[in-house]
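Chemist: Numbering (our numbering), first residue to last: 37 to 155. Ideal Cβ positions, reconstructed from N, Cα and C, are used throughout, including at glycine.
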């Protein structure tokens, strides 16, 4: 039998770790746990998102085959959350593949989806 692993964190490559930690802290409510020029992290005590400085990182195109990952977040009101996240520095790509959720890009171009609560 395979040992089951519990996901505790995801690390995202970026140019400005402190900036992305602040952005994601605001949209998730996670507390900033660590913030330096090379590395920053947010979390809720169970799950963490870390940001590692890679100065020459280039965001993947959307839509396109070079996207490596995206995060999904559930919210009670998609339209309201999308506007708030745009006000915080996210952008909304023109191409939107679904109905009911919205694809956004964080301030460095990492994609994430804003999804409605399940019925």
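If I measure Cβ to Cβ from residue 99 and keep anything under 6 angstroms in the same chain, skipping five residues before and after, which residues do I get?
Modeler: Closer than 6 angstroms at the Cβ level, and outside the excluded window around residue 99, lie 131.
Chemist: Looking at residue 63: is its Cβ nearer than 8 angstroms to the Cβ of residue 121?
Modeler: The answer is yes: Cβ separation under 8 angstroms.
Chemist: Return helix, strand or coil for residue 101, following the three-state DSSP convention.
Modeler: If DSSP states are grouped into helix, strand and coil, residue 101 belongs with coil.
Chemist: By the DSSP assignment, the alpha helix (DSSP H) with residue 58 in it spans what residues?
Modeler: First-last of the alpha helix (DSSP H) with residue 58: 53-64.
Chemist: For residue 143 versus residue 56, is the C-beta spacing smaller than 8 angstroms?
Modeler: A contact, by the Cβ cut-off of 8 angstroms.
Chemist: What are the residues that DSSP puts in a beta bridge with residue 85?
Modeler: Answer is 46 and 78, bridged to residue 85.
Chemist: Whole angstroms is fine: what's the gap from residue 107's alpha carbon to residue 38's?
Modeler: Roughly 26 angstroms between the two C-alpha positions.
Chemist: Tell me which same chain residues have a C-beta within less than 6 angstroms of the C-beta of residue 74, skipping the five on either side of it?
Modeler: The residues are 89.
Chemist: Take the Cβ of residue 43 as the centre, count every other Cβ of all protein chains shown within 10 Å, and call the residue buried at 16 or more, exposed below.
Modeler: So residue 43 counts as exposed.
Chemist: Distance check for residue 53 and residue 145, CA to CA, integer angstroms please.
Modeler: Distance between the alpha carbons of residue 145 and residue 53 is about 13 angstroms.
Chemist: Find the nearest neighbour of residue 60 within the set 155, 149, 153 and 154, judged by alpha-carbon distance.
Modeler: For residue 60, the nearest C-alpha among the options comes from 149.
Chemist: Report the option in 50, 113, 51 and 141 whose CA atom is closest to the CA atom of residue 124.
Modeler: The option with the nearest alpha carbon to residue 124 is 141.
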